[in-house]
Each structure stands twice: as structure tokens, then as C-alpha cells.
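Below: one structure, written as C-alpha cells.
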Amino acid sequence: MAACVNRLNCVTGQAARPAAGFADIDWSTPWFSQFTPRGERWQQAALQSPAALLAEMNADAQRCVHTTGRGARLSFISQHELPPGATYEAHIAATGCVPTRHNLHDFFNALSWFQFPRIKAALSARGSAALDALGVGPTRGSTRDALTVFDENAVLFACSDRALAAALRAFDWRALFIAGRDAWGARGEVRCFGHALLEKLVAPYKACTAHAWIVDVPPAYFSWDVVARDAWLDDTVSRALLATDAMTGRVFAPLPVLGIPGWWTANEAPSFYDDQSVFRAGRRAERAG
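FYI, UniProt numbering numbers position 211 of the sequence shown as 211, with every residue one higher than the one before it.
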């Protein structure tokens with residue numbers, strides 16, 4: 001489901017940003033560090049050639065033996081190998097082969113397949129099922145739009161603190177980021193998933209906003225290592241995606257990611273959150289006013 005950035009902009013209303021390149025990725029940032037060291041190795045291959053990058057991806061796919069939405073073994077092919085008339089989602093579901101362009105967008109898409117393989121497979125399964133049911137029409141429909149938003153721009157907001165989750169849902173940025181600052185890392189954290197979001201974060205900007213999928217986690221979650229957290233999130237969220245009947249944009253909460261404590265030096269000043277063009281009150285608060 002590697003929708004182009006322009007299509008995502010149509011769904012989310014976000015403006016396009018200038019393109020960055022493979023050499024610009026800083027793996028020390030909080031949003032990329034979860035993909036290290038695979039990302040660094042792939043980055044070096046990408047800087048060599050498209051063929052070298054595909055070879056690295058497929059070598060990892062052979063070792064990991066991940067599968068796509070209908071159980072086909074995951075692999076990566078060049079975009080030009082997608083047969084004429086075939087849709088992206090249907091081809092992945094039928095063959096396991098992910099058409100891949102030599103750009104950051106598809107680079108991060110492939111990394112997500114390894115970080116959260118069950119979530120990616122669940123998105124693939126639901127997307128191909130929607131195609132089977134409705135076909136390719138002039139509009140994508142609310143379910144496929146929501147699946148695209150998840151695939152492209154989601155973060156997983158893992159939280160054991162109901163007050164923190166309620167603040168996010170209510171657009172209460174001061175409660176979430178200032179009053180609740182000490183809860184971050186202890187009772188709440190964010191894991192990046194969407195590959196268009198990751199592409200944008202190569203050149204981060206204050207207004208960069210993700211679609212947060214809130215995941216209730218047990219308190220013990222925050223004592224686990226990163227591998228255990230990823231495995232738990234991958235299993236839990238993939239099952240939820242397959243079980244959610246009303247898959248629409250309303251399942252997400254907007255989250256300006258550079259507001260996350262520890263992610264951006266400037267947000268150490270409370271005044272950082274005074275920018276109402278980024279930290280908006282939200283439709284519910286606006287109607288109440």
C-alpha cells in the first residue's frame with residue numbers, strides 16, 4: 001500500500017515538502033532509532049544502487065520469512081516489474097512481491113514490513129479484501145482511505161495512563177505535553193509506523209502531524225526491552241486492525257510529533273506549545289467555544 005505522497009496529501013490535507021535523499025537520514029533521532037541497524041545497512045546499499053538495495057531487502061526477507069496479507073512470502077521487486085493493469089495491493093496479496101521504487105518513501109515502507117510485519121500484513125489483507133468487495137472505482141472509500149492513512153502516516157501511541165490518552169483525544173496539548181511530561185517514557189510512548197511520516201521526518205518541521213492509533217498497554221510494558229515491545233504491539237495492533245469493523249478516519253487522533261518530550265530540543269520551553277497553528281484546539285473545543 002505504498003501510496004504516493006500526493007495521494008496521502010489528498011487524504012490528510014497536509015502540504016508536500018521538498019524531497020530529501022538517502023544520505024540525509026539521521027539514525028540517531030528518536031523516530032529513526034528503532035530501525036537501526038537494518039536502516040543503516042540498507043542506507044549504504046541505497047547509496048550504491050537500486051539493485052544493491054533490493055538485494056539487501058530480499059536477503060533480509062529470506063532470513064525473516066515474513067508473509068503478506070494472504071500468506072504469500074514477502075519479497076521486493078522493482079516498480080517496473082508490476083504487471084500492466086495490476087493494482088499494488090492486489091499484487092502484494094497474490095504474490096507477496098512488494099513493488100519498490102528507489103526513493104525514501106518506499107525505503108521506509110520496506111523497513112516497516114520488518115519492524116511490524118503482522119501490522120503490515122493485516123493492512124494488506126484488509127486492503128485486498130476491500131478491493132475484492134468493491135473493485136477499483138473513482139473513489140477509494142472510507143475503509144481504504146483509513147487503511148492508507150494508517151499505512152502512510154500512523155504512529156502507535158502506547159499508553160498505560162488513561163489521563164494521557166484522554167488528553168490526546170481531547171487535543172489538550174498542555175495536559176499531554178507539559179503537565180503530563182513526566183509520564184512520557186514511563187506510562188506512554190510513541191512508535192513510528194507510517195512510511196510517508198518517516199519520509200517527512202528526514203527533514204523535520206514543526207507542523208509535522210501524525211495520525212495516532214492509541215494502544216492500551218499493561219504497566220509492565222515499560223519494563224520490557226524494545227524487541228519485546230515491538231512484538232507485543234505488532235501482535236496486538238494487527239489483531240485489532242482485522243477485528244475493527246468501522247475503519248474510518250475517526251479512529252485516529254492527530255499528534256504533532258515534534259511536541260513529543262525528548263524528540264525536539266525546542267519543545268523543552270512551554271511556549272513551544274503556544275503555536276495554535278500547530279497545536280490546535282480541535283473541532284470539539286472550537287464548537288464548544
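Yeah, the Cβ is synthetic: ideal placement off N, Cα and C, and Gly gets one too.
Residue-level contact to chain B via CB, residue i, 8 Å cutoff
i: Ser124; result: Here there is only one protein chain, and chain B is not present.
Start and end residues, beta strand (DSSP E) containing residue i
i: Ile214; result: Thr209 to Asp216
i: Leu156; result: Ala154 to Cys159
i: Phe76; result: Ser75 to Ser78
i: Arg239; result: No beta strand (DSSP E) contains Arg239, which is instead part of the alpha helix (DSSP H) from Val226 to Ala243.
i: Leu255; result: Ala253 to Pro256
i: Glu268; result: Note, Glu268: premise wrong, no beta strand (DSSP E); not H, not E.
i: Arg191; result: Gly188 to Cys192
Burial state of residue i, where buried means 16 or more other Cβ atoms lie within 10 Å
i: Leu47; result: exposed
i: Gly69; result: buried
i: Cys208; result: buried
i: Gln44; result: exposed
i: Ala61; result: buried
i: Asn6; result: At Asn6, the pLDDT of 42 sits below 50, so the modelled position is not reliable; the number obtained from the coordinates is stated separately. Exposed is the call here.
i: Cys4; result: Confidence at Cys4 is low in this model, with a pLDDT of 41, below 50, so its placement is unreliable and the value that follows should be read with caution. Exposed: under 16 other Cβ atoms inside 10 Å.
i: Pro218; result: exposed
i: Pro270; result: exposed
i: Pro99; result: buried
i: Glu81; result: exposed
i: Thr86; result: The identity of residue 86 in the sequence shown is Ala, whereas the question assumes Thr. Classification for Ala86: exposed.
For residue i, the nearest candidate out of the options (CA to CA)
i: Val251; options: Ala93, Phe150 and Ala129; result: Phe150
i: Val226; options: Arg126, Pro254 and Ala158; result: Ala158
i: Tyr205; options: Ala266, Asp234 and Ile77; result: Ala266
i: Ala163; options: Ala154, Gly188, Leu156 and Ser142; result: Gly188
i: Glu89; options: Thr100, Ala59, Asp60 and Ser128; result: Ser128
i: Cys97; options: Trp213, Asn103, Leu255 and Thr67; result: Thr67
i: Ala125; options: Gly249, Pro37 and Ala94; result: Ala94
i: Trp232; options: Phe108, Ala72, Gln115 and Pro50; result: Gln115
i: Glu268; options: Arg73, Ala130 and Asp182; result: Asp182
i: Phe71; options: Ser78, His91, Ile77 and Ala55; result: Note that residue 71 is Gly in the sequence shown here, rather than Phe. Comparing Cα positions, the closest option is His91.
i: Cys64; options: Trp113, His102 and Leu54; result: Trp113
i: Pro261; options: Thr29, Asp24 and Ile25; result: Thr29
i: Arg169; options: Gly282, Arg38, Ala52 and Ala55; result: Gly282
i: Ala55; options: Ser78, Ser33 and Ser160; result: Ser78
Distance between beta carbons of residue j and residue i, contact taken as under 8 Å
i: Glu40; j: Trp31; result: Between Trp31 and Glu40 the Cβ distance is about 15 Å, and since that is not below 8 Å, they are no contact.
i: Leu111; j: Phe35; result: 5 Å
i: Ala20; j: Leu104; result: 6 Å
i: Ala246; j: Ile214; result: With 8 Å as the limit, Ala246 and Ile214 do not qualify as a contact, their Cβ atoms being about 16 Å apart.
i: Phe279; j: Gly249; result: Not a contact, Cβ separation roughly 20 Å.
i: Phe108; j: Leu198; result: 4 Å
i: Leu123; j: Leu241; result: 7 Å
Span of the alpha helix (DSSP H), counted from its first residue to its last, around residue i
i: Thr87; result: Note, Thr87: premise wrong, no alpha helix (DSSP H); not H, not E.
i: Pro50; result: Pro50 to Cys64
i: Arg169; result: Arg162 to Arg169
i: Glu199; result: His195 to Lys200
i: Asn109; result: Leu104 to Gln115
Residue i: CB within 7 Å of a non-hydrogen atom of the ligand PLP
i: Phe193; result: This structure does not include the ligand PLP; it has no bound ligands of any sort.
- Message: Under 8 Å: do the segment 272-284 and the segment 185-201 share three or more Cβ pairs, one atom per stretch?
- Response: no
- Would the segment 146-155 and the segment 172-179 be scored as touching if the rule is three or more Cβ pairs under 8 Å? no
- Query: Does the segment 234-246 come close enough to the segment 110-126 to have 3 or more Cβ pairs within less than 8 Å?
  - Reply: yes
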